[in-house]
Amino acid sequence: MSLRKTRKVELGSCVIGSGAPVTIQTMTNLPLADVRGTLEQINRCAALGCDIVRVAVDDEKAEKALPEVIANSPVPLVADIQFHSDSALAAIKAGIAGVRLNPGLLRDENILRPIAEAAGVHHTCIRVGANGGSVNPQALQENLKKFPSFEEAMADLLCRSVSEQCEALEKYGVTNIKVALKSSSIPVTLASYRRFAAVTDYPLHLGLTESGTPGRGSIKSAVVLSTLLNEGIGDTIRISLTAPPEDEVIAAKRILEACGLRTAAPELVSCPSCGRTEFDLFGLVEKVEQLLCETELSGKVIHLRKVAVMGCPVNGPGEARDADLGIAGSRSGKVILFRSGQVIGTFEAEAGFEVFKNELLKHSSAREKLN
């Protein structure tokens with residue numbers, strides 16, 4: 006995979022762009038004034054492998070809570086600013102690692118200048134994050150007269166929107182900038198990122214905004230992100246789901262793992278089932294997946310490359326020969342445990358799962374604490 010060359014951006018302890026690993030982001034969904042709940046959510050996401058967390062800063066209560074949340078967060082935080090420039094200034098002064106500005110809502114350069122100057126002093130990363138829902142409707146109507154399709158008209162407008170704000174920030178000395186051009190439309194999102202990536206060196210924050218429920222949204226996001234990542238476009242990602250932020254982190258990890266950009270911990274493979282299956286394969290897969298998630302949430306790393314759950318002996322040690330640890334059904338209703346293609350025992354279903362669980366936990370250890 007040929008990665009797009011970008012400038013290096015620093016967001017707290019995270020490096021974004023310039024060949025650095027693609028980072029995972031999410032956003033808390035609690036009022037920031039709920040300091041305890043917010044930090045618990047951030048810690049759960051960090052335990053799952055999230056690198057950066059965004060928090061909404063919209064009012065005085067949030068501004069007052071921010072210093073405590075920053076001081077106790079295990080990962081760098083980004084303040085999401087939509088309308089209130091004073092909140093951006095407060096967040097920067099509180100020591101936030103990054104600020105997200107929406108060029109569709111904060112257009113006035115007189116408002117932007119003090120934010121840029123403060124960001125320069127504190128070396129705060131600024132994400133210029135445009136989305137299709139906040140573009141100027143009149144400008145869009147004008148663009149529709151110039152371009153042959155809605156997708157091209159919207160992509161051009163999103164690119165111009167972020168370019169103008171980036172230029173204004175650069176004029177006041179800010180270069181620590183990353184960019185997002187999101188839409189709920191897959192064609193618009195693809196066109197926007199490709200167009201912008203071709204003419205700039207800003208690191209790109211990828212995402213499909215308002216993608217929907219975990220089932221639908223994860224699939225739609227995977228289509229967009231895997232396409233762009235495999236073209237070498239993208240430096241940090243968020244999967245925007247109508248779901249808890251932990252679900253976003255898990256979905257993001259799976260997409261990066263599937264693209265070969267993050268090592269699975271471990272990769273879970275399972276067969277689709279067939280008429281030979283004589284036990285509750287679906288239930289067992291769910292139990293194994295839950296075990297993996299709970300182990301990660303407890304702050305542990307599983308030192309296995311691949312785990313397999315198979316429906317019968319045909320799809321057990323044979324087809325999952327390269328799995329470090331696996332479990333498969335048998336015609337007797339029992340389960341077979343295997344390691345690296347070699348059978349290590351046959352057990353009743355419940356007892357077999359417990360043996361499998363113990364074997365997996367033997368290969369786990371506490372995750373190193375983040376700085």
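In this note's numbering, the protein residues as written are 6 to 376. Note that the Cβ used here is the ideal one computed from N, Cα and C, for glycine as well.
For residue i and residue j, I'd like the C-alpha separation in whole angstroms.
i: residue 123; j: residue 45; result: 30 angstroms
i: residue 158; j: residue 348; result: 59 angstroms
i: residue 296; j: residue 362; result: 8 angstroms
i: residue 106; j: residue 304; result: 33 angstroms
i: residue 35; j: residue 186; result: 25 angstroms
i: residue 376; j: residue 18; result: Unreliable placement is indicated for residue 376, whose pLDDT of 38 sits below 50; the coordinate value is still reported in the next sentence. Cα-Cα distance, rounded: 8 angstroms.
i: residue 317; j: residue 300; result: 26 angstroms
i: residue 357; j: residue 346; result: 17 angstroms
i: residue 99; j: residue 127; result: 10 angstroms
i: residue 312; j: residue 103; result: 37 angstroms
i: residue 3; j: residue 285; result: Outside the displayed range of the chain (6 to 376) lies residue 3, so it cannot be described from this structure.
i: residue 331; j: residue 263; result: 20 angstroms
i: residue 302; j: residue 355; result: 23 angstroms
i: residue 43; j: residue 334; result: 42 angstroms
i: residue 118; j: residue 85; result: 18 angstroms
According to DSSP, residue i sits in a beta bridge with which residue or residues?
i: residue 315; result: 333
i: residue 339; result: DSSP output for residue 339 lists no bridge partner at all.
i: residue 370; result: 306
i: residue 185; result: 134
i: residue 241; result: 28 and 210
i: residue 167; result: Beta-bridge pairing links residue 167 to no other residue.
i: residue 344; result: 347
Residue i by DSSP, collapsed to three states: which one?
i: residue 222; result: helix
i: residue 12; result: coil
i: residue 174; result: helix
i: residue 191; result: helix
i: residue 349; result: strand
i: residue 103; result: strand
i: residue 20; result: strand
Between the Cα of residue i and those of the options, spot the shortest distance and give me the residue it belongs to.
i: residue 139; options: 259, 180, 154 and 215; result: 215
i: residue 190; options: 372, 40, 160 and 164; result: 160
i: residue 277; options: 324, 219 and 32; result: 324
i: residue 39; options: 50, 56, 62 and 24; result: 62
i: residue 367; options: 208, 25, 260 and 309; result: 309
Any beta strand (DSSP E) of 3 or more consecutive residues that is wholly inside the region 107-157: 130-136
Runs of beta strand (DSSP E) wholly within the region 253-330 (minimum 3 residues, chain order): 272-275, 305-307 and 311-315
Whole runs of the beta strand (DSSP E) within the region 26-90, excluding any shorter than 3 residues: 28-32, 57-61 and 82-85
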